[in-house]
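For the sequence shown, the numbering used here gives the first residue as 1253, with consecutive numbering after it.
Reviewing the structure listed below.
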Amino acid sequence: MSVNRPHGLKEQFTPYYRSDSYKEVPAMDSRRKTSGFLLVCGLLAILVSLTMIVMGLLHAAPIDSQKMPDGVVRQNCTVIEDCGCPGEPMIPWYLIVGGCLTIILVLGRFIWQMACIRCNTDRDGDRDKGCKLACSACEFSCLTVYDILALTATTLCLITGSKFVLALHERKNYATHNPNQDTCDWGLYWFTFILIIAGWGFIIFSVLCGLMCRFCSC
């Protein structure tokens, strides 16, 4: 007499019996994708920042530069012949300071995130569920506060740059070979102008995405 045996394993003998480890796999994949996206954005931001610093150094006039009788700041360019922005001498310095600030913020975000991940990693597997939840909440809070402060600093920087660019927008000319009080290098001005427009777009996009990702994931 043959005995009919059920096909497959019973639930209590499956590898996932009394284990929630399989539930953590989608969360780990999602975190890796998010980290990869942030890494690409961070590297792109660093490249743009380095370009800002180089552009600023090519056109920056000494802060204590003397003005000629007509009010034009004397440029001291050593790399390119016709350069500078006598109409608003602070634009090159804005690019230098803004580029350095962006690099510091991006590197600080990477370091802070790596520290949180390291603190949140359970290598021995002896942490209980409450401890893991507390670590995740701490990571969420710390990174959120850092992102808010970084966006605030970036917004203040963009406000300053917008003031410099808009003050020169209606009266600018590009005659750097014969400068006057309204002259600014064509490449320098439009690089800064497009950069500021892109910066404001990034701020709006970051705020919307941050609100959606942070609060919807809760």
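Backbone N, C-alpha and C define an ideal beta-carbon position, used for all residues, glycine too.
Only counting the same chain, and skipping five residues up and downstream in sequence, which positions put a Cβ closer than 7 angstroms to that of residue i?
i     : result
A1297 : T1354, V1358
C1409 : G1350, L1353
M1307 : L1347, L1440, F1443
S1301 : G1351, T1354, I1355
With a threshold of 6 angstroms on Cβ separation, who are the neighbours of residue i within its own chain once the five nearest residues in sequence on each side are excluded?
i     : result
G1413 : Y1346, I1448
G1462 : none
I1305 : I1348, G1351
Y1398 : W1364
Are there 16 or more other CB atoms within 10 angstroms of the CB of residue i, so buried, or fewer, so exposed?
i     : result
H1429 : exposed
F1457 : exposed
S1343 : For the sequence presented, residue 1343 should be read as Ile rather than Ser. Buried.
T1406 : buried
K1424 : buried
T1435 : buried
A1289 : For the sequence presented, residue 1289 should be read as Phe rather than Ala. It counts as exposed.
Kindly list the residues whose CB is nearer than 8 angstroms to the CB of residue i, restricted to its own chain and excluding five residues on each side of it in sequence; keep chain order.
i     : result
A1279 : Any reading at A1279 must be qualified, since the residue scores a pLDDT of 49, below 50, and its modelled position is unreliable; the value itself is stated next. Nothing meets the Cβ criterion.
Y1426 : T1435, C1436, D1437, W1438, Y1441
Contact between the region 1419-1431 and the region 1335-1353 (3+ Cβ pairs under 8 angstroms): The region 1335-1353 and the region 1419-1431 touch, with three or more beta-carbon pairs separated by less than 8 angstroms.
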